[in-house]
Structures are given as C-alpha cells and as structure tokens.
Amino acid sequence: MNNYINKQIVLIEGKSDLLVHKKIAEVLFEYKTANTDAKTVDIESANYEKSELISKLSPDLFGDSPLLIVNLSTASPYLVDDFINYLPNLANQSELKILAYHLFDQKNFHKIAKVFKSLEVIRISI
C-alpha cells in the first residue's frame with residue numbers, strides 16, 4: 007500500500023491513458039479497502055455545469071463526504087473556474103478527498119496547476 011488515502015488530494019498525471027487509469031484503480035482500491043462504506047462521485051468534466059462542484063461535494067445524511075473523482079483532461083471552462091475558486095477552501099475540510107487526473111497534453115491544466123501547487127497534494131507522474 008502506498009498510503010494515498012491520508013492526503014486530501016491525489017493528482018495523477020501521465021502521457022498514457024492506460025497507465026493513468028491503472029494508477030486510478032490502485033488508488034481507488036486502497037481507498038475503498040480502508041473506507042468500505044465510502045461513496046465516490048465522478049464529475050463528467052466535459053458536461054460540467056457552473057457550481058456543480060459544491061453540490062457534488064455535499065455530505066450525505068450521515069455527514070460523510072464522498073471521494074471526488076475528476077478527469078481534468080476534458081475539463082470545461084466552468085470546471086476550471088470552479089477548481090480555481092473553490093479548491094483552496096474545499097481542501098481545508100477534513101473529510102474531503104479528491105482524486106484528480108489528467109494527461110500531460112491537456113491544455114487547461116496550467117491554470118489549475120497553480121492552485122494545486124498551493125495545496126498539500128500527492129502528485130503521481132506516470
């Protein structure tokens with residue numbers, strides 16, 4: 007085990023879609039092994055609507071926050087803006103976990119990268 011689950015944010019980046027998805031599966035397996043009742047929420051980046059991030063991260067009836075899985079490779083401008091605006095505040099929540107991933111050729115990532123640099127992030131480059 008690589009102990010990815012002890013960090014708020016895990017960022018996986020690589021050139022190969024296959025290798026990135028293998029690493030995602032590894033991180034998800036570790037997370038779900040440690041949190042058997044945990045729920046995950048996938049954000050469809052290409053179809054993202056403004057401010058959707060906040061509603062997706064709302065705790066359930068028991069106060070548990072989901073693991074947010076975000077594909078930044080196809081991020082819409084709204085998702086980029088919401089990440090830039092909301093991520094620093096969301097990362098301070100103790101229960102929040104974010105698994106974000108992208109391919110190195112993603113054109114919008116340079117804007118989001120500045121936000122990730124200011125946070126405590128496990129960055130996995132493949």
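In terms of our numbering, the sequence shown opens at residue 7 and continues consecutively.
No residue lacks a Cβ here, since even glycine has one placed at the ideal position from N, Cα and C.
Outcome for Leu-25 when other beta-carbon atoms lying within 10 angstroms are tallied against a minimum of 16: Taking the first residue of the sequence shown as 1, we reach residue 25 at position 19. That one is exposed.
Cross-strand partners of Glu-19 (DSSP beta bridge): In the sequence shown, the residue the question calls residue 19 occupies position 13. Paired residues: His-108, Ser-131.
Nearest neighbour of Leu-67, chosen from His-116, Arg-129, Lys-28, Ala-44 [CA to CA]: As a first step, residue 67 must be located in the sequence shown, where it is residue number 61. Of the listed residues, the one whose Cα sits closest to Leu-67 is Ala-44.
Beta-carbon proximity check, Pro-72 vs Thr-42, cutoff 8 Å: For the purposes of this step, residue 72 is identified with residue 66 of the sequence shown, where counting begins at 1. For the purposes of this step, residue 42 is identified with residue 36 of the sequence shown, where counting begins at 1. Their beta carbons are not under 8 Å apart, which means Pro-72 does not touch Thr-42 by this criterion.
Start-end ranges of the alpha helix (DSSP H) lying completely within the stretch 36-95, minimum 4 residues: 58-62
Buried versus exposed call for Glu-50 [16 or more other C-beta atoms within 10 Å across all chains shown]: What you label residue 50 is simply residue 44 of the sequence shown in a count that begins at 1. By the 10 Å Cβ count, Glu-50 comes out exposed.
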